[in-house]
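*Asks:*
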Amino acid sequence: MPSNVKTSFQIAKDELLRCLVNQFRTLHINHQISWVIIAKEMQTRTSKQCRERWLNHLDDSIDKSPLTENEEKCIRQTRQHQPNLTYVQIAKMLPGRTPLIVKNFIYRERFKTKSSTLRIQRKMSINFIR
53 MPSNVKTSFQ IAKDELLRCL VNQFRTLHIN HQISWVIIAK EMQTRTSKQC
103 RERWLNHLDD SIDKSPLTEN EEKCIRQTRQ HQPNLTYVQI AKMLPGRTPL
153 IVKNFIYRER FKTKSSTLRI QRKMSINFIR
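Quick note on numbering: the working numbering labels position 93 of the sequence shown as 145, and the sequence is numbered without any gaps.
#1: Using a 10 Å radius around the Cβ and a threshold of 16 neighbouring Cβ atoms, would you call Ala64 buried or exposed?
#2: Just to confirm the assignment: which complete alpha helix (DSSP H) runs, minimum length 4, are found wholly within the stretch 84-151?
#3: Pick helix, strand or coil for Asn156, following the three-state DSSP scheme.
#4: If you drop the 5 nearest sequence neighbours on each side, which residues of the same chain put their C-beta closer than 6 Å to that of Pro151?
#5: With respect to the alpha helix (DSSP H) encompassing Asn74, which residues constitute its N-terminal and C-terminal limits?
#6: Have a look at Cys102, Asn156 and Asn82 and flag the residue whose alpha-carbon is nearest the alpha-carbon of Glu67.
#7: Is the stretch 113-130 close to the stretch 83-103, with three or more CB pairs under 8 Å?
#8: Within a Cβ cutoff of 8 Å, which residues of the same chain sit near Ser113, ignoring the five residues on either side of it in sequence?
#9: Classify Met94 as buried or exposed, calling it buried when 16 or more other Cβ atoms lie within 10 Å of its own Cβ.
#10: Given a cut-off of 8 Å, decide if Val73 and Ile85 are closer than it, judged by their beta-carbon atoms.
#11: Quick check: the Cα distance between Cys71 and His80, rounded to an integer number of angstroms?
#12: Whose C-alpha, out of Glu121, Tyr159 and Leu69, is nearest the C-alpha of Lys92?
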């Protein structure tokens, strides 16, 4: 039974997870992965941890390179014109990109905007005091 203590995946565990997923795919025709079975084989991870590790980091179909300018533009425009779309829906528009990649980009953009606004406000207040 996995403990509730959070620890990072290590290389050996990543390799085991890759091996188990590939085994499961070859044994099951529909390629539907049973994360519960894989977690039992892993012993130290829950099904959710295994699934998220695979879908966000280990799957070979993930494009881990930095987002292109076109992809960034697509995310910005989509958020502007359809603000209620989820990260999953936006990621489906960008082949090889995960919802986590989209979410991280959006959060970085928010942080840049927020810190830029704060910097401007600080400068304005300093100028006002003089």
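All C-beta atoms, glycine included, are put in the ideal place defined by N, C-alpha and C.
Nothing here was measured: the structure is a model prediction, and the numbers come from that model.
*Replies:* Short version:
#1: Burial call: exposed.
#2: List check, alpha helix (DSSP H) in window: 87-94, 99-105, 121-133 and 139-143.
#3: Reduced to three states, the DSSP call for Asn156 is helix.
#4: A distance below 6 Å between beta-carbons, with the five flanking residues on each side excluded, links Pro151 to the following residues of its chain, in chain order: Tyr139, Val140 and Ala143.
#5: Ile63 to Leu79 is the extent of the alpha helix (DSSP H) around Asn74.
#6: Distances from the alpha-carbon of Glu67 to those of Cys102, Asn156 and Asn82 put Cys102 closest.
#7: No, they do not touch.
#8: A distance below 8 Å between beta-carbons, with the five flanking residues on each side excluded, links Ser113 to the following residues of its chain, in chain order: Gly148.
#9: Only buried fits Met94, as 16 or more other CB atoms lie within 10 angstroms of its CB.
#10: Yes, they are a contact pair.
#11: Between Cys71 and His80, the alpha-carbon positions lie close to 14 Å from each other.
#12: Distance check between Lys92 and each of Glu121, Tyr159 and Leu69 places Leu69 closest, using alpha-carbon atoms only.
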